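Undergrad:
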Amino acid sequence: MIWTDMQLGPSGSPRPDVFTAPKSYSKFLPIAYECKVSVSDFRQDITKGKWQSYLKYASGVIFAVPKGLIDKDDVPKGCGLIVRSESCWRMVKGPTLTPIANDLPKEFWIKMLIDGVGRTVHSRRFEQAFEHRARKVISAKYGEELGQALQRRDNAQSRLDYKTEELRKRLGDLNFIESAERERQSLESDKQAYETLHHELCDLLGISPQSHIWEVQRAFKRQKELLSKDAHVGACQSAMNSILRDLKSQVEKVEQFCTLAPSDAEV
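Read in order, the letters of the sequence shown correspond to residues 0 to 266 in numbering that gives the first Met the number 0.
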């Protein structure tokens, strides 16, 4: 059984691109597939450990990528790698399958029953067998020409469905590329803003914009110390001014007292 873009439980649960479960009671080893179209996207998921969240529900994880995107040595230990060429998929490295440590939670099965049935990818073998039998009956009853016309119609419909799916995938890739381009432009804008601030800081510190980071740090520390000294000097000057004002006030009071006091002659 195969599910695509299926969340494995309630909101916040992992959502692998593809989830498969074998129809086996004795060896129930479901596998999660993670599709990647760029190296940056692959490395980001590896760094975050996103694939590890699938191991609660799957016995193994396989990365699916275009041919030549990454090597088998790039995938984490225990994970598999399958690559897509122009004509087919090819398994480059098989995953290490281990039984699920605990029974799958109830929420997983509820999600599969309520939402998962409509997301399964059905095999067309039975449909193709039925269509072939129907064409044989129609050809025998109404003539070979009508049977061949129906076959051509079915083939055309199949090609149309395939091309539609390919266009849908390419549209998804295009949306991803556009999103990546917007992210690149945002990073470029941030880089330019940083360079502007860097130049302004170097001008304030009196050093060259091409200075190494340690030179910038040293100049910044030196200016910080000078500002600290300036602040100390300013505090001392303020204290001295306050003392001078007090002395001046005391002198004025003494002079006023001397003026008001009677002299020896008057006595």
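The C-beta atom is built at its ideal place from N, Cα and C for all residues, glycine as well. Remember, predicted model here, so these are calculated numbers, not experimental data.
Return the CA-CA distance between D160 and R169, expressed in angstroms with no decimal places.
TA: 14 Å
Undergrad: To the nearest whole angstrom, what separates the beta carbons of Y53 and P13, a pair I think is in contact under 8 Å?
TA: 5 Å between Cβ atoms; contact.
Undergrad: Report yes or no: do three or more beta-carbon pairs, one from the stretch 54-66 and one from the stretch 29-36, lie closer than 8 Å?
TA: yes
Undergrad: In whole angstroms, what is the alpha-carbon distance linking S157 and T163?
TA: 10 Å
Undergrad: So, for G79: in the same chain, excluding its five sequence neighbours on each side, which residues have a beta-carbon less than 6 Å away from its beta-carbon?
TA: I61, K92, G93 and P94
Undergrad: Looking at C-alpha atoms only, which residue of G48, L145, Y193 and W88 is the closest neighbour of K76?
TA: G48
Undergrad: Going by the CB atoms, is the gap between G142 and L96 shorter than 7 Å?
TA: no
Undergrad: Helix, strand or coil for S58, going by three-state DSSP, please let me know.
TA: coil
Undergrad: Provide the residue span of the beta strand (DSSP E) that contains E85, from first to last.
TA: Run containing E85: none; DSSP gives neither H nor E here.
Undergrad: Give the single residue among A192, P98, E251 and P104 whose Cα lies nearest to the Cα of S25.
TA: P98
Undergrad: DSSP puts E182 in a beta bridge; with which residues?
TA: Paired residues: none, contrary to the question.
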